[in-house]
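Chains as they are written, first to last, in my numbering: chain A, 599 to 956; chain B, 30 to 355; chain C, 969 to 1303.
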Amino acid sequence: MKGEKPVVGIIANPVSARDIRRIVAYAGNMQITERANIVLRLLAGLGAVGIERVVIMPENSGIRQHVMRGLERASNLGEARFPLTEYLDMAISSSSQDSIDAARRMHEDGVAAIIVLGGDGTHRAVVSACGDVPVAGVSTGTNNAFPKFQEPTTVGMAVGLAVTAPELADIAFYGNKILEVDVAGRKEIALVDVTVVAEQYVGARALWRTHNFKELYVTFAEPEVIGMSVLAGLLDPVDRDTSEGRWVHFDNSDHPEFKLQAPIAPGVVDEVGIKSWGTLLPDQPCQIGPKQGSLAFDGERELSFSSDDRPTVTLRTDAFRTIDVSACMQYGARSRLLRNHRGERVSVSNVTKPQQED
Amino acid sequence: MNDVFPLSKEDLLKAYRTMKTIREFEERLHVDFGRGEIPGFVHLYAGEEASATGIMMHLDDQDRIASTHRGHGHCIAKGVDIDAMMGEIYGKTTGACRGKGGSMHIADLSKGMMGANGILGAGSPLACGAALAAKKLGHNGIGMSFTGDGASNQGTFLESLNLAAIWNLPMIFVVENNGYAESTSVDYATAVDSYVDRAAGFGVPGVTVDGTDFFAVYEAAGEVIRRAREGGGPSLLECKMIRFFGHFEGDAQTYRAEGENESNRANRDCLKMFRARVTEVGVIGDQDLNAIDTEVLKAIDNAVEQAVAAPLPEASDLTTDVYVNY
Amino acid sequence: MARKISFKEAINEALDQEMTRDPTVIVMGEDIVGGSGSPGEDDAWGGVLGVTKGLYAKHGDRLMDTPLSESAYIGSAVGAATCGLRPVAELMFLDFLGVCFDQIFNQAAKFRYMFGGKAETPVTIRAMVGAGFRAAAQHSQMLTPIVTHIPGLKVVCPSNAYDAKGLLIQSIRDNDPVIFCEHKNLYAHEVDVPEESYAIPFGEANVVREGGDVTIVAYGLMVHRASEAAAMLAKDGIECEIIDLRTLSPIDTETIIESVENTGRLVCVDEANPRCSIASDVSAMVSQDAFSSLKAAPRLVAAPHTPVPFSPALEDLYIPSTERVVDAVRKTMEP
């Protein structure tokens, strides 16, 4: 696709949003129409800065119908400049596999960026398959430690600028840390956290039985989020920029040195016994302690292991790129990219160089 | 507490026995129906065993379930005697309903089984009534209805969600989504792909699990049932699964993709997956499970023998039990 | 001690006394308490025509207002009845049968039979029937034949306050599903009703008036039309025997046959539409089982084969009148 105008992909997969955290926690349930509105806002932002083609992952949850209706209405009314919007031709399994398949397809098709609607789980699925395509996130998920909350219209504009204005190349993209997990040759990744739990079954996936938490590894840990990483964030925070991670060992005995109170799920503040914690350095494989149990990636149990498997966790830096929306818009403001002196709307084809500051 | 599995070895064996009993019961009916031995219609539950079993292991006789036309699995998992079930399917006096109900109406109120039902969606209001009774009578039993992906479009189901929510009933709505309502795909018949989203619209929380994974069903069912018992109100549990056979026996299944049934049997057999998981972890050995296989087959053989030999109802049975008294 | 109370008050008293006697009796329906969730009074309506007013103050949350979801709440009443409660559910107008009929005729009516005698469904469904209120086509029907037709249901339709109280008490105590029909045009009608609790058995008609010339079989409001007709005919020396059916299922065939064997003439008066009605049912039964006693063909006085019209001029023509009953009797007397 080199030389052609950039195409942006959008992945909005609501399947993770029906898990048991609606029962064992107070996880919300974003309406399909709300998700569709977010897609339309992304499209409006992308179209406003001149992106002409967008490809979207298909699903049967109803988002597609609302989006197409919204585009048709706008077209009938002659309002807004939406890009040409197409749905990928792919089989739909109505599972997180669709996110992975769509990301792989978009990578193969050479999209310039992928915008993801979802929480940690959906972002993880996309990153596992998108190769070097940069990702922008809109936090609509159950647990949103990874994606930041940002207005979708702005995300659309920022992504559009990032993939078309060459002078943004140095500031638009951000290199993110990742955890690589190796379980007897099978490779998995996590964007935020890997948790080792005692349960030897995947079951309903979510984590809420704190007495079964064994170990935790995180790429970054902020004290003001929810989910597993906040356990590290409340002990010894580490931000996204620092080339370090954290590990925590839990203490399930009756008399741990202390118990940490943490918001491990929406509306759930629970106590976890703490034994020790420390720093995870990049590129140094860490052998996990327990002989059997299950591994949860970004808050969801994914696979069980036993003594022969000897799983390891390794921190990697600069493993995948995300789009720094704030940086793009700041640059756009400072360099007056969005000012129109020539009586024509801004489009990326006529933004060749920034206006000089006065 | 380090619970490797949420069930003890004994309970795991019990779970396997229940699922295997359902499987072999249905497989045997498939064969015998094909030979013309069974009157009327049967709707087989094979392939869906993990759902009924994973859920019913949390229930006792005081809990009430209202089932569907595809009710053999629910009956067996709820503890209805298989000899009585086979007798009923054959229309004999030894049947659970003395031969008066048939496959689609097997019930055993002493076990909290309010009946398989030939009217789709009819069970949801009835189960709400059971939940209401539990609440009014002051015991911590629950009501539970099973509906398929098709029946969950019936007005009765939707009205019941609202009623259960406003009265905060200890009620579980189980949606067994096997992708087909008779021949019609759920992608066609239902406007959204999640019944959990629907329930949320009624103010009822819900969770979707892989209905072929016994442990996922068991874990999720445990939470929604516990919540109901503790005054947390109604929930919806969607089990996504597949049925091995047609809608009814005799269904040519031309609506399926080529190779779909073979692929399901190979890749999505809940019994195989259960066996793989428990033997891999080493909690149970293959020989324990094989022993159960043998016992179950014997029990099914015995049930069929008994049913075939049992007497048909007499002419005088035609007019009995219309009323308690008239 | 008896004193004059209305049909409506008699129903209220029956519910009150049964709720006091039996803690498993619950009452549910739309607006039967009234004002649920609303900022004004509790017990704001006590039913759309005030029949259940005052019960909430005495029995609290054993009375439950329901949302507009007949199939859900009637179904809940049926389900709860199989689980140890004794619910009395109100279907505001029997005309609403369409939105919940499955729960009544396929579920409640069939459990005992389908489950081989191993189920009991002691549910009572109260519903208003009948025309004369200018309530028009969808709120005025006499759908008694439809529910009478179904094996497994019992159907009750009293003509006066005394019968209403005794039959409702019996309905609640009965262990089968009962459809209890209340004629809205009789709610204000008063007769002597004992204060104490009493139950009237099903399947026992009441001979309201004795006479040797003709048997008039009627139920509900039509009993009153028959009585008026009998008074007019008596002036001409024609003595009518009036049988108030009271319960349509079970029906007291013995009393009817015995009377026709005596009078030799039958007039059936029925507010329902004529096809497959109670009148045609009784008439066929008498024709078969008392043919040799008949001196004349049985005559049916029924509403026409139309929906209930709105305009008072038309509705008054729709409801069988005293004059039409008189005419029918005279026809049976013709040589």
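We put the beta carbon where it would ideally sit given N, CA and C, even for glycine. Just so it is clear, the structure is predicted and the values come from calculations on it, not from any experiment.
- With respect to residue 223 of chain B, residue 202 of chain B sits apart: the two C-beta atoms are not nearer than 8 Å.
- Not a single CB atom of chain C sits nearer than 8 Å to the CB of residue 104 of chain B.
- In terms of beta-carbon proximity, residue 1075 of chain C lines the interface with chain B, with at least one pair separated by less than 8 Å.
- Proximity to residue 1113 of chain C across C:1266, C:1058, C:1297 and C:1250 peaks at C:1250, based on C-alpha coordinates.
- With fewer than 16 other beta carbons inside 10 angstroms of its own, residue 856 of chain A counts as exposed.
- Between residue 84 of chain B and residue 246 of chain B, the C-beta spacing is below 8 Å.
- Within the segment 185 to 197 of chain B, contact with chain C at the beta-carbon level (separation under 7 Å) is assigned to 185, 188, 189, 191, 192 and 195.
- Residues of the segment 62 to 96 of chain B that bring their beta carbon within less than 8 Å of a beta carbon in chain C comprise 93 and 95, in sequence order.
- Residue state for residue 185 of chain B is assigned as helix, using DSSP reduced to three classes.
- In this structure, residue 178 of chain B lies near residue 215 of chain B, with their beta-carbon atoms less than 8 Å apart.
- The three-state secondary structure of residue 1107 of chain C, taken from DSSP, is coil.
- Under the Cβ criterion (8 Å, minimum of three pairs), the segment 728 to 741 of chain A does not count as touching the segment 807 to 817 of chain A.
- Rounded to the nearest whole angstrom, the CA to CA distance from residue 1175 of chain C to residue 59 of chain B is 59 Å.
- Ranking B:132, B:139 and B:123 by CA distance to the CA of residue 108 of chain B puts B:139 first.
- With the criterion set as a beta carbon lying under 7 Å from some beta carbon of chain C, the members of the segment 133 to 155 of chain B are 134, 136, 138, 143, 144, 148, 151, 154 and 155, in sequence order.
- In this structure, the alpha-carbon of residue 299 of chain B lies about 18 Å from that of residue 311 of chain B.
- Check the Cα spacing between residue 1275 of chain C and each of C:1105, C:1228, C:1233 and C:1224: the tightest is with C:1105.
- With a threshold of 8 Å between beta carbons, residue 223 of chain B makes contact with chain A.
- Interface flag for residue 608 of chain A against chain B is unset, since no Cβ pair is found closer than 8 Å.
- Proximity of residue 130 of chain B to chain C, defined by a Cβ-Cβ separation below 8 Å, is satisfied.
- Any Cβ of chain C closer than 8 Å to the Cβ of residue 127 of chain B would place that residue at the interface, and such an atom is present.
- Close CB contacts of residue 747 of chain A within its chain, under the 6 Å cut and outside five residues either way in sequence, are with 737 (chain order).
- For the C-beta of residue 235 of chain B, the chain A residues within less than 9 Å are, from N- to C-terminus, 616, 620, 621 and 627.
- For residue 861 of chain A, the secondary structure class from DSSP, reduced to helix, strand or coil, is strand.
- One thing to note: residue 878 of chain A has its Cβ no nearer than 8 Å to the Cβ of residue 781 of chain A.
- Boundaries of the beta strand (DSSP E) around residue 776 of chain A: 771 to 781.
- Residue pairing for residue 847 of chain A: DSSP places it in a beta bridge opposite A:813 and A:874.
- With fewer than three CB-CB distances shorter than 8 Å, the segment 1017 to 1037 of chain C does not count as touching the segment 126 to 144 of chain B.
- The closest CA to that of residue 1218 of chain C, considering only C:978, C:1005, C:1081 and C:1148, is found on C:1148.
- By the criterion of at least three beta-carbon pairs nearer than 8 Å, the segment 1162 to 1177 of chain C is in contact with the segment 1135 to 1150 of chain C.
- In the DSSP assignment, residue 1060 of chain C falls within the unbroken beta strand (DSSP E) covering 1054 to 1061.
- Of all residues in the segment 197 to 208 of chain B, none has a C-beta nearer than 7 Å to a C-beta of chain A.
- Minimum Cα-Cα distance from residue 1237 of chain C among the listed residues C:1226, C:1006, C:1196 and C:978 corresponds to C:1196.
- Below 8 Å, too few C-beta pairs join the segment 969 to 983 of chain C and the segment 346 to 355 of chain B to call them touching: fewer than three.
- Here residue 98 of chain B carries a coil assignment [DSSP, helix/strand/coil].
- Per DSSP, reduced to three states, the secondary structure at residue 326 of chain B is helical.
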